[in-house]
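Its first residue numbered 2, the sequence shown is counted upward by one per residue in the numbering used here. Glycine residues also receive a C-beta, built at the ideal position from the N, C-alpha and C atoms.
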Amino acid sequence: MSVVVSADALLEQLRQIDVTKLPTMCRDRNIGMKEQAKLARSLFKRLGLKGIRVRMATGANCFWVHIIPPHADDCDVQVAIREHLKEILARSFPCHDDRSDYMSDYFDYCWSIR
2 MSVVVSADAL LEQLRQIDVT KLPTMCRDRN IGMKEQAKLA RSLFKRLGLK
52 GIRVRMATGA NCFWVHIIPP HADDCDVQVA IREHLKEILA RSFPCHDDRS
102 DYMSDYFDYC WSIR
């Protein structure tokens, strides 16, 4: 069942998270998208964050797990949510930043925060 959460409420929740105390979910850079998405959902649930969708990209050359927060009409709110999510994911998945070399890193799955 999907929970409807406003972008403003999500931003307030994100601001209350102490990023220095976040759990490390995975250090393995080469886990599959399915496992990466599962761990991201688990992290958001553990943090009590609702309304964030986690989807795997589809297609032959897709290497991203999409993180989709609720839409905000205010651009500043949307940008702030995105920045908080980037920081949370960087802390909890320290080896999953985007260092891709598309010629050699075929199974290097990264985040796409929309």
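Separation of residue j from residue i, as counted between CA atoms
| i | j | result |
| --- | --- | --- |
| R28 | L44 | 14 Å |
| V38 | C96 | The sequence given here has Ala at residue 38, not Val. Cα-Cα distance, rounded: 15 Å. |
| R56 | D75 | 24 Å |
Environment of residue i [buried if 16+ CB atoms lie within 10 Å]
| i | result |
| --- | --- |
| V80 | exposed |
| A41 | buried |
| S7 | exposed |
Extent of the continuous beta strand (DSSP E) run through residue i
| i | result |
| --- | --- |
| I69 | 65 to 69 |
Extent of the continuous alpha helix (DSSP H) to which residue i belongs
| i | result |
| --- | --- |
| I82 | 76 to 93 |
| R47 | 34 to 47 |
Contact under 8 Å by Cβ, residue i with residue j
| i | j | result |
| --- | --- | --- |
| M26 | S113 | no |
| I68 | L48 | no |
| V116 | I89 | Residue numbering for the chain in the displayed model covers 2 to 115; residue 116 lies beyond these limits and cannot be assessed. |
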